[in-house]
Amino acid sequence: MTSVMHVIDQDERWRALNVGQSFIVRAPAGSGKTRLLIQRYLALLATVDEPEEVIAITFTRKAAAEMRARVLGAFAAANESGAGVDDGGDDSQTRVLAQQVLARDTVRGWQLLANPLRLRIQTIDSLNTSLTRQMPMMTRFGAQPESVDDATVLYRRAARQLLAQINDDEPVADDIATLLAHLDNNLGVVESLIADMLRGRDHWLRNLPKMHQREALEAALARVRKHAVAEVAALYPAIERTETLDLVRFSGQNLLKEAVDSALSRCAKLEAFPSGTLASLPAWLAIADLLLTKEGEWRKPGGINKKIGFPTSKVKEEKALLDAMKARIGALLESMAADDVRGASASGNLANKLDALRALPPGEYSDAEWEVLGAIVRLLPYATVRLWEVFGEEGECDFTEIAQAASRALGSDDEPTDLALALDYRIRHLLVDEFQDTSFAQFELLEKLTRGWSLGDGRTLFVVGDPMQSIYRFREAEVGLFLRARHAGLGGVSLTPLTLSVNFRSEPGVVAWVNNTFSRLMPGTEDAATGVVPYARCVAFGGDGQAADDAAHMHWTVLHRGNTTDAKPAAATDPAEIEAQKVIDIIRQTRRDKPDASIALLIRNRGHLRQIVPALKAADILFHAVDIDPLKDRPVVQDLFALTRALLHLADRIAWLAILRAPWCGLTLNDLAALTASVLPVDGTLTPDPRTVWEMINDAPRLETLSTDGRQRIEKIRNVLHTALQMRRRVPLRDAVEQCWLALSGPACLDAPSDLDDAMTFLDLLETEAQEQSGGAQIVSLSSLQAQIDRLYSGGGRLANDINNADQADKADKADKADSTNTVPPLQIMTIHKAKGLEFDTVIVPGLDRSPRRDDRKLLVWTEQANVDSGGHELLLAPIRETGADDDADAIYRYITKLDQAKQQHEDVRLLYVAATRAERRLHFLATLAIKDKDGVPEIVAPKAASLLAALWPALSEQHLPSVTSLTSLTSLTSDTALGRKDAATTEKKTPPTSRIEVTRPTRLVLDFPLPEMVPAVLPNSVNAFGEGKPIDASTPQIDFEWATDTARHVGTVVHTFLQRIASDGIDAWNPQRVTVSRQLFQAELTRLGVGNNEVNAASDRIEVALNKTLADERGRWALSTHHDARSEWRLTGLIDGALTNVALDRTFVDADGDRWIIDFKTGSHEGADVEAFLDNEQRRYSAQLEIYAALVQAMSTDQKPIRLGLYFPMLGGWREWSWRGV
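Note that my numbering has the sequence shown beginning at 14, numbered continuously upward.
Rendered as structure tokens:
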């Protein structure tokens, strides 16, 4: 329980509960941000008329669920006399606030405990979605699309459709041609680049109007150059200017004598020290070349030579002069370096600023640059339109589109919509969590929601976050928006800043280390434009803990590179394997010290686990991995996906070959070739056999060409596949695939028991995706399923280790093996991003020295810079470099990229801060430290610029690194140092590389391996009108469909799919135009189902006719309209006369009279004259089937509503109905 008297920032926390004022709260890690947010929420609820007037917004579903659960927990505790609220903090204050809300609930009759959904605690994405549903016309959606996490497939399709316009007789074709020529006509590269731009359109759409203004863009470039020169001039010490001028002239004159053309030689006759104007830039570049190395560091004495105009001479008089001048420049360099170290240049490091002049962009675009830039900028709106069309066709969109649509739904400042005015009336208080992760679109939405709010009108805004934990730039988060709101408010709302400083999570030693370290890594001043966040110190809450010396430890793996020219390390052991063993040792030692300690292994990216995960499994350490281990490359998932594709599509040749090659069949390559690599004479020409693989394995003469072993293997699995094919589209797809896999002995082919969990994960996904796409029986979009598989991850696990003789082991060994039982929590493995908001006793961060994968080049790069003249912001913009052009051909692009890299370096520090602040007691960092021999002396190599070690490096002093003496004569070693004191580097005995786990997965099952019995297919019964019938064998058709061709059946399948979609979207969302636009989808699905190219167009015509007739027919519209308890493709399973029966109801609902309708759609047509007789016959034919549906519905119903049955014929507009009288 938190004691208020010991919380030094309690005044700030009490101020935050002032419900009449708006606040922005800076809440560092562990400061009880969620508790404060809940208390504010409760305080506001106690003052409003309706609970919906208070909206709390989070950025993840997990955070929203946690907040809702804690609020409801507070209510429950408030109802119990003397009970405490388990909210991890000030329970008494939370209880009092909860009691006040419940009292308000009683007065107003809210009944929150019975109706918790009245609590408006939701993600910002769900808020956006709710806004778009209320204004479908303003949002341009019509029917509400489904939001998807990864819309890569849609982006690429939109890009492909845009590029297809190159043949159009419009200006857009010329721009496409210009872009393609710029990138060497590489269509695939251009498609990827455009798709990437569409993904990030939240940033550039709002800047699009500025991107056409060449004069303004070039003025911005000129201002950047001007400001950089002025900044260096202001920083340069006045006392050193005369000396610098003399040295520049001396250097330039000597270089001029040698006919060297350089910035220095061109300043040989420099008359005066350069000023801060842009005209002085050449002189400043000469000074940079004189004083700095190519790496931007102050020159050392060894770098003062003839290359910079300081030659040597054997002539005595000349030598004396040259030595004197070298001494003068040496003294100047020593003074300048000392000033930088002491921080004499208060506004920045002079060496960095001087070096930055070398990378300044030109002040204007070349004509070629502007031509391609213009083409790209003009293409972006077209790409966006194509994306809207793709969204409409698929009924899906990304969260960016939802956010932008929500903003459109609220209108503009000048013309707010009715929805905006209504919300302005209904919303009294807004609370926003994790505000540092806000994007521009989300910030704009909040501005519109608070439009017109003013001080004292009873409406408040409360935003809370920690800019030091802003680590989501890749998701368009802009930490500068938090800084802007803290100073200027949000929209029309002025925000009072509050800062929390007490850390309730970590022990004093951890807090002290974090303070000492990050106060040196984070700058002292902020800059919203560049995302620079100053550090805010914290104070540990109460209690004694370990000192900073013991809280954080650095574990080095030191690696010699030999001499400075060695390209690769000379060590015989992989440093990553040594590091993996050290992780094992840390875990075991932690378990010895505290067996129940929660331990987290946090990594920057999944590649860092390549050696660690096998080592954990070999050490039998139980672990749980959160979105770490991708399943898409697991053999069991690949085999199941191939089996799924094969059952869905007989013509999917690759899938069929894969299942024949899989271990359950194990056909050799020779037999595969004999089976499939054949030709047939067609019109006198030998042509590859066009038959499907399924047809080939049912061709007896073809099987005779196989080896005896191959023939027996195919015959063994053929019956299983035959049964599975008969089950498809009659049972849920998941059931068909799973039963087939089990019958093929798929589980016998697995490496380990954990692989069975992976199989179940895939099958669960297949069930969900099939249900969403078609009601459960099929997959309409394989690309969508593939995208979902790509995002599947293993839940982690360990290899089984049967410890039966623990009583015979010594105490230390028992501690090592402790996590082989279920008495201790498993090791948690996750990315640092996933760990945000969590806490652990011990945190281990390996691989600090590793760099992430470099970002791919982008079609456009841009950044917003502060305009120092106007106080506003302006745009810097550059196109991608032409393929094959020289490196210096894109100076503007490189300059903007460098600015972005600087932003990323600031975020790297924040990422390290997030990792460190997850720890309660101990922190362990692991990194490989490279050393090289320079003139016989070992020297530590600086870490890679993009690594987390580089982010930590400025805070590491000599005591944190192995001493130079300990590095001498060692090939490789490991060294552990506490990050608060100096420990000598110790050489450990070599640890053998982690033994790899032997893979037991069979190459193929032995031929006589017994296959289990195939589970009988669960199919609807053939029941007569009196309910009598018998189970149907999988090989027996339910109803005689011999009159229908394969194409007719496939037309019916597609029609059913789209009738379900029309019912889901709403009948008013569909019209003939949308049906026409969907024709491509019809064709794609028909092709997938196996309809030949010569029949696709005619089949699509029939589908279009059926849907349009339904939309035009009053009965059809009634059937698909919104009704009570309406369902489409409703799947039911039950017992009919003792037989298990599985059915799918095309459409069912309860009408206004209370009757339950069960309607079956029949897509057949009738060419004869007597249509009525045909319809009567169809009713007799299908009545038994619908009677079964009715019986199952009645059996599961409690209210026993009357049931009406109906057959609807879209092609005919025909209808038959009758009442079900029971059995």
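We treat Cβ as the ideally placed atom computed from N, Cα and C, and that holds for glycine. Since we're looking at a predicted model, the values are computed, not measured.
Cut-off 7 Å between Cβ atoms - residues of its own chain near residue i, not counting five sequence neighbours on either side
i: residue 207; result: 172, 175, 396, 872
i: residue 1100; result: 1109
i: residue 715; result: 688, 709
i: residue 664; result: 705, 1103
i: residue 34; result: 473, 509
Separation of residue j from residue i, as counted between CA atoms
i: residue 941; j: residue 661; result: 49 Å
i: residue 368; j: residue 235; result: 18 Å
i: residue 117; j: residue 132; result: 14 Å
i: residue 178; j: residue 668; result: 34 Å
i: residue 64; j: residue 474; result: 16 Å
i: residue 61; j: residue 67; result: 8 Å
i: residue 223; j: residue 233; result: 11 Å
i: residue 886; j: residue 274; result: 39 Å
i: residue 908; j: residue 165; result: 29 Å
i: residue 30; j: residue 52; result: 7 Å
i: residue 552; j: residue 39; result: 14 Å
i: residue 1069; j: residue 1118; result: 13 Å
i: residue 84; j: residue 521; result: 30 Å
i: residue 1017; j: residue 677; result: 6 Å
i: residue 785; j: residue 912; result: 44 Å
i: residue 717; j: residue 705; result: 18 Å
i: residue 260; j: residue 931; result: 53 Å
i: residue 736; j: residue 747; result: 15 Å
i: residue 302; j: residue 379; result: 26 Å
i: residue 681; j: residue 743; result: 33 Å
i: residue 509; j: residue 127; result: 36 Å
i: residue 256; j: residue 290; result: 21 Å
i: residue 58; j: residue 592; result: 52 Å
i: residue 875; j: residue 603; result: 47 Å
i: residue 145; j: residue 789; result: 28 Å
i: residue 920; j: residue 1066; result: 51 Å
Supposed contact pair residue j and residue i - C-beta distance, whole angstroms, cut 8 Å
i: residue 861; j: residue 230; result: Incorrect: roughly 39 Å between the Cβ atoms, too far for contact.
i: residue 608; j: residue 837; result: 6 Å
i: residue 1195; j: residue 1156; result: Going by Cβ atoms, the distance from residue 1195 to residue 1156 rounds to 12 Å, so no, they are not a contact pair.
i: residue 774; j: residue 644; result: 6 Å
i: residue 897; j: residue 197; result: 7 Å
i: residue 110; j: residue 56; result: 6 Å
i: residue 326; j: residue 332; result: 5 Å
i: residue 403; j: residue 167; result: 5 Å
i: residue 161; j: residue 411; result: 6 Å
i: residue 424; j: residue 460; result: In fact, because the Cβ distance is near 12 Å, the residues do not count as touching under 8 Å.
Nonlocal neighbours in the same chain, by C-beta distance under 6 Å from residue i, ignoring five residues either side
i: residue 1104; result: 1060, 1063, 1112
i: residue 377; result: 231
Spatial neighbours of residue i in its chain, beta-carbon cut-off 8 Å, leaving aside the 5 residues before and after
i: residue 1232; result: 1215, 1216, 1217, 1218
i: residue 617; result: 844, 845, 860, 863, 865, 924, 961
i: residue 944; result: 571, 572, 573, 574, 951, 952, 953, 954, 980
i: residue 840; result: 600, 612, 613, 614, 629, 634, 635, 636, 637, 832
i: residue 1089; result: 1117
- Query: Are the segment 501–521 and the segment 64–77 in contact at 8 Å, needing three or more beta carbon pairs?
  - Reply: The segment 64–77 and the segment 501–521 do not touch, with fewer than three beta-carbon pairs separated by less than 8 Å.
- Task: Return the chain-ordered ranges of every alpha helix (DSSP H) run that is complete within the segment 325–359 and spans a minimum of 4 residues.
- Result: The segment 325–359 is shown to contain whole alpha helix (DSSP H) runs of 4 or more residues at 329–355, in chain order.
- Message: Taking contact to mean 3 or more Cβ pairs, one atom from each stretch, closer than 8 Å, check whether the segment 1121–1137 and the segment 1158–1174 are in contact.
- Response: Judged by pairs of C-beta atoms under 8 Å, the segment 1121–1137 touches the segment 1158–1174, as three or more such pairs exist.
- Query: Is it a yes or a no for the segment 184–200 touching the segment 377–394, going by three-plus beta-carbon pairs under 8 Å?
  - Reply: Yes, the segment 184–200 touches the segment 377–394.
- Check whether the segment 211–228 touches the segment 343–354, taking contact to mean three or more Cβ pairs, one atom from each stretch, closer than 8 Å. Here the segment 211–228 makes no contact with the segment 343–354; the two share fewer than three CB pairs at distances below 8 Å.
- Going along the chain, which unbroken runs of the alpha helix (DSSP H) with 4 or more residues stay wholly within the segment 700–733? Fully enclosed alpha helix (DSSP H) runs of no fewer than 4 residues occupy 706–710, 713–716 of the segment 700–733, in order along the chain.
- Query: Do the segment 277–289 and the segment 305–312 touch if we need at least three Cβ pairs shorter than 8 Å?
  - Reply: Too few Cβ pairs lie closer than 8 Å, so no.
- Message: Restricting to runs no shorter than 3 residues, where is the beta strand (DSSP E) found entirely within the segment 1154–1209?
- Response: 1169–1174, all fully within the segment 1154–1209.
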